[in-house]
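Numbering (this note's numbering), first residue to last: 36 to 156.
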């Protein structure tokens, strides 16, 4: 969870970016898929599908991670911790998840969480 971000890192970033208000203090989930293709090659299981099903089946998943209301009224000097961020070294994995979220747009309130493509060199 991103509670540590709220308590320690965010205040310094807030000062640097001239953000005057933290709109809502809430935890976030930073999902690191890393190399889901390797798991698929070894087991035939798609980590993305398992993750999506977990979100769908959790009683508070869609509401907790895909609530558009707090973001719709943010001002320029306000910040809100993203409730869900997904990270992977594989762009196809992120694209696949993006499509899964879009195909369930009613369930996920038409919200697509930020994706982080990791590059290695």
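Glycine residues also receive a C-beta, built at the ideal position from the N, C-alpha and C atoms.
query: For residue 36, the three-state DSSP class (helix, strand or coil); result: For residue 36, the pLDDT reaches just 40, beneath the cut-off of 50, and the residue's location in the model is therefore unreliable, although a value from the coordinates is still provided. Residue 36: coil per DSSP, three-state reduction.
query: Where the beta strand (DSSP E) through residue 122 begins and ends; result: 119-123
query: Proximity below 8 Å, CB of residue 124 to CB of residue 70; result: yes
query: DSSP bridge partner residues for residue 65 (one or two, in chain order); result: 120
query: Residue 119, buried or exposed, once every other Cβ within 10 Å from all chains shown has been counted against 16; result: buried
query: For residue 68 and residue 82, believed in contact at Cβ under 8 Å, the rounded distance; result: 6 Å
query: Among 140, 138, 127 and 143, the one whose alpha carbon lies nearest that of residue 153; result: 127
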